[in-house]
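Beneath this line is the structure, given in structure tokens, with notes to follow.
Here you go:
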């Protein structure tokens, strides 16, 4: 089979090469010989003609027709639909099944017991303007997945976003949450940080509500008139401690296959001990309004028509019980074997499961990926089979904690580390601007591809459009000036929050995350209103950004699958890591100045003198001075990386006439290079995360921390750990340089 | 009479000098010989013992017992009370009467006519918790004084603060206010800017409302539970174009004495042509809520529980008619003739008239001034008569446009310019931190006095407390660092908004404005809730900050009245003006970079590309490049000022044994020096304002513009005017240096 296809593709390519020989050779197809660049360009043009907005409409409508959370009938139906489609399109498709812990609500009770009586309704309302919103019996109730069971009654304390600096502010006000129930508003961090920090500070329960300032009427007209969260909308979501490790809480670091050994639930380190419940502002307002303590600091105030108070006198009763069931995870895996290098895998994924109907999250991305797979399959059927193997993955159980992708990656870790060239992720998609994040070895690739795709509403490249967006929304004229002088679109570093995490941060597989948005604002996130009716009105009218996502991710996938030499760019990686080191060094200097000044202000009693004497203040002890740290070893390693990267890039760009075996060996070294960026022991206190350059922040959640070992040690004032992490990071860079030099050596042969 | 007092004071002072000879000579009483500093210190200690919080309570309660706006019975009663008190305390007191135009409402109607029907209630509600709030028949209705008559019906456009940048944003959205009625929210500028700009942009009416974000529930609990503006509270206030000229609109630049020649009302250049009405958020909400146009930019959104829209479909009818009456202005003037230099006048003032009961604004300041006058009078009766003449002024008609002080200053301009040493102003006062603004020749004096007065709630000097406030609320660590290294408390430059304006900016009399606040937040401003009941609960519990204001302003007054050499410090003035020039030059550089970058972004179409294509955008034409301007002449003049100021200061500090005639001549030169800072022709397009260093901003109102001629020319891109103003300012500095050198020459004799 393989031989046949290889032959036919060679003949086909020869034909194309002849018919396009008049074209100017493309210089912006990194890793392609001139001739193959022309062929690839033709392929992509043909690919584009196969993409139909009407298909994306159909996929979104079909796959969001019913609630389809993990373990539901809707989920199973979608999985079957997707499997069938992949098969139709010529993929070798299968379902990989895992078994994960998945709690669903049995009891949900929240009531104010004094001085007011109020029983929270905890229910989103069906709307006549939204067809699927009335599928109440199929909907998961509003809850936070992986909350603990609990039955607690105590006073309420408002903790703003519930992030570390909020607790510092509470300390200064002399307010403790010990033994209290906190109420935090969504936003400002990944949601799981809020109950974890509440628990760390001694709270016995946590409520998270959606303030209208963040995604409600303050932002725009509310649903169904506009797109924003209405009075009753609730954000569901997982509170598993993903920054510790994602996936099934009971199988950290290995797959939760049927007979895997599982932790006892009470021993799972990434599970909360306190109950936590998300509510609408309709339910939050009576509670917040009745509070009588100190007025909340200005930054803490939302858009409810009340005076926000921090604490005082409102007692609530929160009771939550869950069914702690094991459910099957169905990952749909669709393989298109490569014609030249079948053991080099380009993996493309998007999750399929949703909290409710999930037309935007994740079906809009899933639909674009399916459309892309359809076209890739059709091209293969026409003889244009990729050189490398392409694997499409429709993940299950992402919402609960990246379950499907994590368990699959953990189960297949060894083979993936041998064969995976790259992982390309997408998720919810909508109108607007390109988002492109990932390993910075792919920054040039992202720039090349995004130059070739046209924005459907503006008729310029998506790269130009993104650049326009970034530069016009820059924080300062100085930044704008710098951006005007920088030709490259910078790739964003990746934190967490979607399925790339295991590939990139656990296995060291170079990854990208791609999508569009910014003109698709709304407040439907993780509510029953994330529906087809909503999507087609507000998120991507005409489904044109679905087509653009397919064009973009399809190109990335196919260039990685067809290039002669893999288009890894190491000078981009060098420049990026170097800028992170400079940034950390500057932050350290700023911390030093800030600590010095702050200690002076404390010493002079200025904080006490500036305080209103009728309002209590608890002053912190002066902090110890911020030392100077030794970054020299790392800086020296980066100097080597710079030289090695420049030399490799020069040789790689010069010649495409290496022998097949050199190319095979070279490509293996190239795609293995990202593995070298893994720290031997992973990050301190969270060894699941092994990547030295990118990780989700332990106190920010989804938000990325670059050079996380060093950065987080400095941020938490652990100076010795920071120096240790500088050394560990240096080892990683040294190994990376060695891999790169080995690749360069091949090119010199 | 004079001789007698002079003798007795000499004897008394001699006694004091002996009894205090053991004291260390004071080095921080600028302008006093060592011996006289000791005497002055004793005087001030005695002064302090005469100040009673209970008196301030009594004055506030009495003077705010009834509404007492200009022309009212309450006003007349207060004037008589104050006159009587000054007389009791030994002052030569009188009433100076003027006659001003003062419109009061005859008809007030605001209603939405489509698509909703709503008739605005335009009425604040009496509260049982607030005794005077029910004096409805005595209260001025809610209105903006000097609105035009009008009867207009049109669509509503929300213009945020209604300042120039808001109209630029509207332009970009393609929204015109021409022929429309604008609704602006209070804040972000002096209120009068809002209707003036609306009128300049072609609007036919203007509504100004109090958004709860600015002084309502967003800030804290509302009245009567807390101090902030409740649903029905309305901010009255003048919309006379004070940045053009204050005082009676019909007598610009001269006193509105009984038979003065008056402009026809329609010809008064500082009167509006369109009707304007202030409303509560209770009345604004239905109008704003019904709007359907583009969603307002984020910065424009207030704290109402609605989506703020900019325009669209709400038609309102606004009808206003006024009684355009002439009313008497009663300024109470109380003179205590100086024992040594009766023709050197130290003038101290605070207005007495209010919009309604005005317990805070202005009675809290008036009460402190009366208490100060009482004590100064008592000291004089005990033989401690001041060397220079002290004049206390209780102004009338401040609220309508600084009428009482302006007409008095204009009427007595010649004599004032001959005799006035300084003008010291206060206004509303409350708990918190010192505010001290004024001519920077007084910066050292302010520092010396504020070091000697103790904060009643913190037991440190008010100077230290203010420093603690400023440094802990600084915007950046860099600023904090700079402030830690600066020993001086910086005096604020003065714009407008209270009665110092005519003295400082029209006549060139060195002035100060003094008060306390920052822990007295509230939303009572210009409403019926600015009452005694409110004041004693929220603004100054125990009236201790009233006593502190009396201590502070009393010391400033008495040091200016008793110093041997007037404590003008010219190195402070030099350093301040020099910093303003540096600031303007940096602003010009920033404008240049900004314009250059902005033009590039326009040229690259980045603004267009970044815009949501479904939302219209109107792009401005590129601006012409910002040129380099020649500041050299001014910088050279400042170099001379520096040298002259340092030499003067050195000589003045060294010796206090000059002859009486040298001292007399020297002091005259000193207090005349501020006159030299007046521009011959005043500011461009508003010649009433003559001071080269300080003016209210033409587009900010109360907010100051330093070096206004230069700064405003640059801000509006009038480069030639800017260079012209640099030259005019240079002339002024040269004349100032000449005056200073003449003073120095006297010291060398």
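Protein chains in written order, with the working numbering: chain A, 5 to 753; chain B, 5 to 753. Glycine residues also receive a C-beta, built at the ideal position from the N, C-alpha and C atoms. From a predicted model like this one, the values you see are computed outputs, not experimental measurements.
The Cβ atoms of residue 344 of chain B and residue 391 of chain B lie closer than 8 Å to each other. One finds 605, 610, 611, 613, 614 and 615 in chain B with Cβ atoms closer than 9 Å to the Cβ of residue 476 of chain A, taken in chain order. Going by C-alpha positions, residue 578 of chain B is about 50 Å away from residue 309 of chain B.
Of A/731, A/645, A/714 and A/658, the smallest CA-CA separation from residue 746 of chain A is found for A/645. It is roughly 14 Å from the alpha-carbon of residue 195 of chain B to the alpha-carbon of residue 274 of chain B.
In the three-state reduction of the DSSP assignment, residue 552 of chain B falls in the helix class, which pools H, G and I.
Nearest to residue 55 of chain B by alpha-carbon distance, out of B/663, B/550, B/389 and B/514, is B/550. The beta-bridge partner set that DSSP reports for residue 115 of chain B consists of B/123 and B/321. Per DSSP, the continuous beta strand (DSSP E) segment holding residue 709 of chain A begins and ends at 708–710. In this structure, DSSP gives residue 399 of chain A an extended state, which the three-state scheme calls strand. Residue 379 of chain A and residue 601 of chain B have their C-alpha atoms roughly 43 Å apart. Scanning its chain for C-beta atoms nearer than 7 Å, with the 5 sequence neighbours on each side dropped, one finds around residue 603 of chain A the residues 626 and 627, in chain order. Straight-line measurement puts the Cα of residue 425 of chain B at about 28 Å from the Cα of residue 714 of chain B. Inclusion of residue 34 of chain A and residue 571 of chain A in the CB contact set at 8 Å is warranted, their separation being smaller than that value. Residues of chain B whose Cβ lies closer than 9 Å to the Cβ of residue 473 of chain A are, in chain order, 610, 613 and 614.
Across the set A/228, A/445, A/287 and A/440, the C-alpha of A/440 shows the shortest separation from the C-alpha of residue 454 of chain A.
For a cut-off of 8 Å, the C-beta gap from residue 249 of chain A to residue 353 of chain A is around 19 Å, too long to register as a contact.
Judged by DSSP secondary structure, residue 346 of chain A falls within the beta strand (DSSP E) whose first and last residues are 345–355.
When 8 Å is used as the limit between beta carbons, residue 458 of chain B is near no residue of chain A, the shortest such separation being about 12 Å. By the Cβ-count criterion, residue 386 of chain B is exposed, with fewer than 16 other Cβ atoms from all chains shown falling within 10 Å of its own Cβ. The beta carbon of residue 77 of chain A lies closer than 8 Å to those of 70 and 142 in the same chain, with the five residues before and after it left out.
At least 8 Å separates the beta-carbon of residue 323 of chain B from that of residue 203 of chain B. Taking a contact to require three or more Cβ pairs closer than 8 Å, the stretch 318–332 of chain B and the stretch 104–123 of chain B qualify as touching.
Taken through DSSP and simplified to helix, strand or coil, residue 628 of chain A comes out as coil.
For residue 574 of chain B, the enclosing alpha helix (DSSP H) stretches over residues 574–607. Annotation: Cβ neighbours of residue 523 of chain A in chain B (cutoff 7 Å, chain order): 616.
Distances from the CA of residue 228 of chain A to each of A/543, A/132 and A/750 were compared; the closest alpha carbon is that of A/132. In the three-state reduction of the DSSP assignment, residue 100 of chain B falls in the strand class. Within the stretch 351–368 of chain A, no residue places its CB atom closer than 8 Å to a CB of chain B. If you draw a straight line from the Cα of residue 377 of chain B to the Cα of residue 317 of chain B, it is about 57 Å long. For residue 157 of chain B, the enclosing beta strand (DSSP E) begins and ends at 154–162.
Relative to residue 153 of chain B, the option among B/688, B/280, B/160 and B/411 whose CA is nearest is B/280. In this structure residue 242 of chain A touches residue 149 of chain A by the C-beta definition: roughly 5 Å separates them, less than 8 Å. Residue pairing of residue 150 of chain A in beta bridges, as defined by DSSP: absent, with no partner found. The closest CA to that of residue 631 of chain A, considering only A/649, A/599 and A/605, is found on A/599. Using beta-carbon distances, residue 218 of chain A does not count as an interface residue toward chain B, since no partner is under 8 Å.
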